[in-house]
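Asks:
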Ligand code: GLY
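Residue numbers (our numbering): 30 to 462.
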């Protein structure tokens, strides 16, 4: 089969890498891809959020399957255009992707499906925001209603900061969501859906704040690890039964079936797992560690979902090993990241046993003569350094050893990816020893 992957980040690099390892996949093409993806697959220029351009590219490449990485093409209707053209697509329609595109819509669907989540106030005025902040109390959780690349959520004990974020959100959209704070460790669970059947991948944990100990502003994600040895053993079946299947059934009942990956962001509270957020695509940086552990060929899995055949898929096979992803971020990220800086050391990093490096914010400078252009930074999250080892200490050690071999002026990593779990300090409220 020929697979077209849309997107240009490390998540898409991970998808392409796994797809090229699937014997049933003859060829992978990316639109637009990145320099790391270009080492594995053909890369096409173009806008992945332009439905006509994507359909044209899929047709000219003879794609049997299109896999959508980021949310913007979904919300722009790329999956709808592919479906109308008879091209199988792993990724939901624009209406189904509103589970990510609108926090207010997601809350409405969760209420209809009886999904456990934080109580929420959808506010359209600053007065309503004030009343909602009174009702929830501190810590305040304020969420932008539309897409915000993982940076639309502010969690703060500072009421003025909460009000300021809500006001800014209302300047960009009609509504802002104020929610109760959910106390407990966070988990990301990717649930594949063909519109009816749901199959969960293994859980992962990501690290959204820029600084060690969950300090500093939110980012798109500074690292991740999987598996979560501290999580309750019945977590996945419980979330399938109480969250993913009811949500997929509710979307089908509304005539907008969800096909693709329902990213369930959870907090494991004293009252059980509660949904923090839904996304309509794979998470970044969690995908990098989840796919590093998936042994079942990925193309077969994603095609089964796209073609409504997940019920016939054999149980997924997983490596019992641990994977850690350490993101190498550019100077000043998550503010205005420095770009155009030379990146070195990737080959040296990949000499660390069972480590691979995935590209995100990278660009090749124009080549001169026979020489390929040098690699420079072009975004905030520049590389994902992904390790595998027999346990978490080993995987952390390999990932940090390799990340330390990357040279990029002013770059930074978060030093505590998986550290609390390694120390046995991740505790689910109510399950303290
Ligand atoms: N890891 C956060 C996200 O993908 O939105």
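We put the beta carbon where it would ideally sit given N, CA and C, even for glycine.
Suppose contacts are defined by Cβ-Cβ distances below 7 Å. Is residue 318 in contact with residue 428 by that definition?
Replies: no
Asks: Quick one: what's got a C-beta closer than 6 Å to residue 325's C-beta in the same chain, skipping five residues either side?
Replies: 345, 346
Asks: Quick test of the definition: if touching needs 3 or more C-beta pairs under 8 Å, does the segment 250-266 touch the segment 120-133?
Replies: no
Asks: Taking the C-alpha atoms as reference points, what is the distance between residue 378 and residue 139?
Replies: 43 Å
Asks: Do residue 353 and residue 447 have their CB atoms nearer than 7 Å?
Replies: yes
Asks: Taking contact to mean 3 or more Cβ pairs, one atom from each stretch, closer than 8 Å, check whether the segment 290-305 and the segment 266-279 are in contact.
Replies: Verdict: yes, contact present.
Asks: Helix, strand or coil: how does DSSP classify residue 461 here?
Replies: In this structure, residue 461 counts as coil in the three-state DSSP scheme.
Asks: For residue 223, report the span of its beta strand (DSSP E) as first-last.
Replies: 215-223
Asks: Check whether the Cβ atoms of residue 108 and residue 120 sit closer than 7 Å, and answer yes or no.
Replies: yes
Asks: Distance check for residue 403 and residue 234, CA to CA, integer angstroms please.
Replies: 33 Å
Asks: Is residue 409 near the ligand GLY, judged by its Cβ being under 6 Å from some heavy atom?
Replies: no
Asks: Using only the heavy atoms of the ligand GLY, determine whether one of them is closer than 6 Å to the beta carbon of residue 250.
Replies: yes
Asks: Provide the residue span of the beta strand (DSSP E) that contains residue 306, from first to last.
Replies: 301-308
Asks: Should residue 244 be flagged as near chain C, meaning a C-beta pair shorter than 7 Å?
Replies: In summary, chain C is missing from the structure at hand, where a single protein chain is found.
Asks: Would you say the beta carbon of residue 370 is closer than 6 Å to some non-hydrogen atom of the ligand GLY?
Replies: Between the ligand GLY and the CB of residue 370, the shortest heavy atom gap is not smaller than 6 Å.
Asks: Given this structure, state the Cα-to-Cα distance separating residue 218 from residue 393, to the nearest angstrom.
Replies: 34 Å
Asks: Look up residue 49 in the DSSP assignment and say whether it is helix, strand or coil.
Replies: helix
Asks: Can you tell me the Cα-Cα spacing of residue 437 and residue 410, whole angstroms?
Replies: 12 Å
Asks: Taking the alpha-carbon positions, what's the residue 408 to residue 366 distance?
Replies: 6 Å
Asks: Please go through the same chain and pick out, in chain order, the residues whose beta-carbon is closer than 7 Å to the beta-carbon of residue 143, but skip the five residues on each side of it.
Replies: 275
Asks: Taking the straight line between their C-alpha atoms, what separation do you get for residue 53 and residue 299?
Replies: If you draw a straight line from the Cα of residue 53 to the Cα of residue 299, it is about 44 Å long.
Asks: Roughly how many angstroms separate the alpha carbons of residue 249 and residue 80, rounded to a whole number?
Replies: If you take the alpha carbons of residue 249 and residue 80, they lie about 25 Å apart.
Asks: Figure out for me which residue from 245, 48, 193 has the closest Cα to the Cα of residue 443.
Replies: 245
Asks: Which same chain residues end up closer than 7 Å to residue 457 when comparing Cβ atoms and leaving out the 5 residues on each side of it in sequence?
Replies: 213, 214, 261, 297
Asks: Below 8 Å on the Cβ atoms is my guess for residue 95 versus residue 33; work out the distance and round it to an integer in Å.
Replies: Correct: roughly 5 Å between the Cβ atoms.
Asks: Just checking residue 312 against the ligand GLY - is the residue's beta carbon closer than 6 Å to any of the ligand's heavy atoms?
Replies: yes
Asks: Along the chain, where does the beta strand (DSSP E) containing residue 410 start, and where does it finish?
Replies: For residue 410, the uninterrupted beta strand (DSSP E) run begins and ends at 410-418, by DSSP.
Asks: In chain order, what are the residue ranges of uninterrupted alpha helix (DSSP H) at least 4 long that sit wholly in the segment 354-418?
Replies: 375-378
Asks: Could you give the DSSP three-state label for residue 85: helix, strand or coil?
Replies: Residue state, collapsed to three classes: helix.
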